[in-house]
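In our numbering, the protein residues as written are 176 to 346.
Positions of the beta carbon are idealized from the N, C-alpha and C atoms, including for glycine.
Input: a single structure, listed below in structure tokens.
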Ligand code: FE
Ligand code: FE
Ligand code: MG
């Protein structure tokens, strides 16, 4: 644990920060796996573009899990040690892909990103001016999650527009 490093945290309960970071840590692993498996099972029109995006997001979520777990350790906490705990600690849950169609897969993922944005926005509000190091990490992650939502939404809109155009041309 970083003693001097933790002494600069002002007016916040460090155990509460650790608990919240562990919840975000559970979210990141579940998000990682969701993207990993979505990229494997996705079907349908323009699926190659979707696979590239889903794979990139999986890598980002794993990188987030790394950042969050390193910060938990610095604060003197222990990152969740058992994958079973991901389901009891998660904020955003896990959206099992039921319909493998690319549009459904993208919609499931957009929901997850919107939840992640709320989680990291709340963490940024909590730590701003109080725990600068955690604030910096959660702000970086928040920017990635905003980018993720935008990438998925843009792809979703392109695909649905393309489908609409095809239908128009058939009629
Ligand atoms: Fe993430
Ligand atoms: Fe994300
Ligand atoms: Mg992206």
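- If you draw a straight line from the alpha carbon of residue 330 to that of residue 343, how long is it in whole angstroms? Their backbone Cα atoms lie some 20 angstroms apart in a straight line.
Practice prompt. Please look up how many angstroms separate the CB atoms of residue 187 and residue 306, rounded, as I've assumed it's under 8 angstroms.
Written response: 6 angstroms between Cβ atoms; contact.
Neighbourhood of ligand 3 [Cβ distance below 7 angstroms to any heavy atom], ordered by chain position = Each of 228, 231, 232, 322, 323 and 326 has a C-beta closer than 7 angstroms to some heavy atom of ligand 3; these make up the full list, in chain order.
Legend entry - Three-way DSSP call (helix, strand, coil) for residue 297 in this model: The three-state secondary structure of residue 297, taken from DSSP, is helix.
Problem - For residue 201 and residue 260, believed in contact at Cβ under 8 angstroms, the rounded distance - result: Between residue 201 and residue 260 the Cβ distance is about 7 angstroms, and since that is below 8 angstroms, they are a contact.
Sheet register partners of residue 276 (DSSP bridge)
Answer by DSSP bridge pairing, in chain order: 218.
Give a single yes or no on whether residue 270 has its beta carbon closer than 6 angstroms to a heavy atom of ligand 1. Checking the Cβ of residue 270 against ligand 1 gives no.
Point to revise | Cβ neighbour criterion (16 or more within 10 Å) applied to residue 194 | key: Exposed is the call here.
Any alpha helix (DSSP H) of 4 or more consecutive residues that is wholly inside the segment 219-259
Scanning the segment 219-259 from its first residue to its last, the whole alpha helix (DSSP H) runs of 4-plus residues come out as 222-249.
- Report the three-state DSSP secondary structure of residue 177 (helix, strand or coil). Correct three-state label for residue 177: coil.
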